[in-house]
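Letter by letter, the sequence shown follows residues 583 to 710 in my numbering.
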Amino acid sequence: MAGAGGVLRGHSAPRLAFLRGILENGPAPGLDPIQTWWGYRLAGRDQAYYLRYFGAGAPAEWAVVLPGKGAGALHSYRADIIDTWNMTITPAGTFTMAQMNDYDVHDPVRPTLALPGKPWLTVRLVRV
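In structure tokens, the structure reads:
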């Protein structure tokens with residue numbers, strides 16, 4: 583039996599619209615999990631677009647480490663901090679990746695991104 587649907591009450595509708603806008607402005611045809619077996623906890627498109635959702639965790643910073651190897655992984659990314667609860671997007675500068683080890687890249691000048699220490703945050707990295 584199909585659900586009858588209904589009217590969304592409270593703050594659900596604007597939050598869903600906010601998240602839909604983020605996904606619609608992301609890469610087509612959508613997001614994929616990236617390197618799930620190594621604990622990066624990223625979705626997106628490899629070497630182009632990344633989302634890192636922190637859920638109920640409230641970190642004060644994030645070590646910006648991406649999977650990548652060789653010259654093809656050495657890109658710059660624009661960072662945004664997305665507060666999914668308050669529906670805000672805050673620009674957070676650029677990261678220019680260099681090889682960190684055999685499997686990872688990071689920005690040696692700026693290895694971490696300061697976060698506001700609140701739950702329900704997402705970091706978006708978009709290749710520039």
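Cβ coordinates follow ideal geometry from the N, Cα and C atoms, glycine included.
These figures come from a predicted structure and were not determined experimentally.
Spatial neighbours of residue i within its chain, please: CB distance less than 6 Å, with the 5 preceding and 5 following residues excluded, ordered by chain position.
i, result
"T678", "S658 and D689"
"R627", "P609"
"P667", "Correcting the residue identity first, residue 667 is Trp in this sequence and not Pro. Here the set comprises W702."
"A696", "E643"
"P615", "A625"
So if DSSP puts residue i in a beta bridge, which residue, or which two residues, is it bridged to?
i, result
"S658", "T678"
"L703", "D665"
"R709", "Y659"
"P716", "With the chain covering 583 to 710 only, the question about residue 716 has no answer from this structure."
"D684", "The partner list for D684 (beta bridge, DSSP) is empty, contrary to what the question assumes."
"A696", "E643"
Using a Cβ-based criterion (distance less than 7 Å to any ligand heavy atom), does residue i qualify as near the ligand GDP?
i, result
"R660", "Here there are no bound small molecules, and the ligand GDP is not part of this structure."
Can you list, in chain order, the residues of its chain with a C-beta nearer than 7 Å to that of residue i? Leave out the 5 residues immediately preceding and following it.
i, result
"V558", "This structure gives no information on residue 558, because the portion of the chain shown stretches from 583 to 710."
Is it buried or exposed for residue i, if we count other Cβ within 10 angstroms and need 16 for buried?
i, result
"R634", "buried"
"V646", "buried"
"R591", "exposed"
"F602", "Inspection of the sequence shows that residue 602 is occupied by Arg rather than by Phe. By the 10 Å Cβ count, R602 comes out exposed."
"L598", "exposed"
"V589", "exposed"
"V687", "buried"
"G650", "buried"
Taking 8 Å as the limit between beta carbons, can you name the residues of its chain near residue i, skipping five residues before and five after?
i, result
"P596", "M669"
"L605", "G612 and L613"
"G654", "Q629"
"P623", "First, the amino acid is wrong: residue 623 is Arg here, not Pro. Same-chain partners within the cutoff: R634 and Y635."
Determine, using beta-carbon pairs with one atom in the region 611-620 and one in the region 693-708, whether at least three such pairs fall under 8 Å. no
Do the region 667-677 and the region 632-641 touch if we need at least three Cβ pairs shorter than 8 Å? no
Curious, which full-length alpha helix (DSSP H) runs of at least 4 residues does the region 590-644 contain? 594-606
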